[in-house]
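Below is one structure, written out as structure tokens; comments come after it.
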Amino acid sequence: MLEVKNISVSYGHIDALHNVSIQVPTGKIVSVIGANGAGKTSLVNTISGLVRQSSGEIVFNGEVLPKASHKIVAKGVVQVPEGRKVFAGLTVQENLIMGSSKLKKPFKEKEAEIYEMFPILGQRRNQQAGTLSGGEQQMLAIGRALMSEPEFIMLDEPSMGLAPVIVKQVFRIIKQINAAGTTILLIEQNARQALGISDYTYVLENGHITLEGASADLLADPAVQKAYLGD
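Sequential numbering of the sequence shown, starting at 91, is according to this note's numbering.
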């Protein structure tokens, strides 16, 4: 579904990505793991059109993705950003409305689906998003992304800052979204969770892909265990 072909990204004199290539097959969960500063967010922001690559191309469903973010969303590609970035002064429902510009079915129908997936959001639908807990904000950010009914969703550090019990809940929801037919690119610092949920994983270090393989194989790799799993 998605092919990132030899992209490089620089911020001034700082190189963030160097000839990075990844593939995300239809219906799969592919993860990218690595430490802070490895280039993970630069990768997902480039796919989203928020950052412009200096070389390489990004192909989605056989076509080069347009450069403008709103056109990328129209193609069925959405991002749940690092740090959630909900609209704090808007209610839960208003946040969902903000994500529904490309929605084809009636808003109320899709809103009900989101509340079925995240019952706590239904209870807080008239509450300002800024007053929600971190876990509730993460659920809202995912729900807002799903309002456009994307084919492909990118989750940037969805476990960041969340309690372990909430992390498990969020990752169960990610699996549920994938099982319903949405292809997922998961950007994660929590390597154990990412490897445990995904089909294939890329390891990004200092802007380079240094390792890749089936997630189950990497989970059993002693080098990966030592570097990323604390084993």
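For every residue, glycine included, the Cβ atom is placed at its ideal position computed from N, Cα and C.
Rounded to a whole number of angstroms, what is the C-alpha to C-alpha distance between Glu325 and Ser238?
This structure does not reach residue 325, given that the chain is present from 91 up to 321, and the question cannot be answered.
Buried versus exposed, by CB contacts within 10 Å (16 or more), Arg174:
Here residue 174 refers to the residue found at position 84 when the sequence shown is read from its first residue. With 16 or more Cβ atoms within 10 Å of its Cβ, Arg174 is classed as buried.
Cβ of Lys95 within 7 Å of Cβ of Gly146?
Locating residue 95 in the sequence shown gives position 5, where the first residue counts as 1. Locating residue 146 in the sequence shown gives position 56, where the first residue counts as 1. Going by C-beta atoms, Lys95 is nearer than 7 Å to Gly146.
Name, in chain order, the residues that DSSP records as bridge partners for Val120.
Your numbering for residue 120 matches position 30 in the sequence shown. Secondary-structure assignment with DSSP links Val120 through a beta bridge to Leu275 and Tyr290.
Any chain D beta carbon closer than 7 Å to Glu278
The chain labelled as chain D is not found in the depicted structure, where only one protein chain is given.
Is Val168 closer than 7 Å to Arg214 when the C-beta atoms are compared?
Taking the first residue of the sequence shown as position 1, residue 214 is located at position 124. Taking the first residue of the sequence shown as position 1, residue 168 is located at position 78. In terms of Cβ geometry, Arg214 and Val168 do not form a close pair [threshold 7 Å].
Where in the region 113-200 do unbroken runs of the alpha helix (DSSP H), each at least 4 residues long, occur, reported from the N-terminal end onward?
Those alpha helix (DSSP H) runs which fall completely within the region 113-200 and span 4+ residues are 130-138, 159-164 and 182-188.
Assigned exposure category for Gln266 - 16 Cβ within 10 Å defines buried:
Within the sequence shown, residue 266 is the residue found at index 176, counting from 1. Per the 10 Å Cβ criterion, exposed.
Inter-residue spacing [alpha-carbon to alpha-carbon] between Pro171 and Asp246:
Indexing the sequence shown from 1 puts residue 171 at position 81. Indexing the sequence shown from 1 puts residue 246 at position 156. Across the structure, Pro171 and Asp246 are spaced so that their CA atoms are roughly 5 Å apart.
Expressed to the nearest angstrom, what Euclidean distance is found between the alpha-carbon atoms of Ile277 and Ala284?
Here residue 277 corresponds to residue number 187 of the sequence shown, with the count starting at 1. Here residue 284 corresponds to residue number 194 of the sequence shown, with the count starting at 1. Going by the C-alpha atoms only, they are around 8 Å apart.
Compute the beta-carbon to beta-carbon distance between Ile274 and Asn280, rounded to the nearest angstrom, for a pair I have assumed lies under 8 Å.
The sequence position of residue 274 within the sequence shown is 184, counting from 1. The sequence position of residue 280 within the sequence shown is 190, counting from 1. A Cβ-Cβ distance of about 15 Å is found for the pair Ile274 and Asn280, leaving them out of contact under the 8 Å criterion.
Along the chain, where does the alpha helix (DSSP H) containing Gly212 start, and where does it finish?
Taking the first residue of the sequence shown as 1, we reach residue 212 at position 122. Taken as a continuous stretch (DSSP letters only), the alpha helix (DSSP H) holding Gly212 covers Pro209 to Gln213.
Output the boundary residues of the beta strand (DSSP E) element that contains Leu92.
Looking up residue 92 in the sequence shown gives position 2. First-last of the beta strand (DSSP E) with Leu92: Leu92 to Tyr101.
Proximal residues to Val176 (C-beta, below 6 Å), its chain only, five neighbours per side dropped:
Working through the sequence shown from its first residue, we reach residue 176 at position 86. Around Val176: Asn185, Ala219, Gln227, Leu230 and Ala231.
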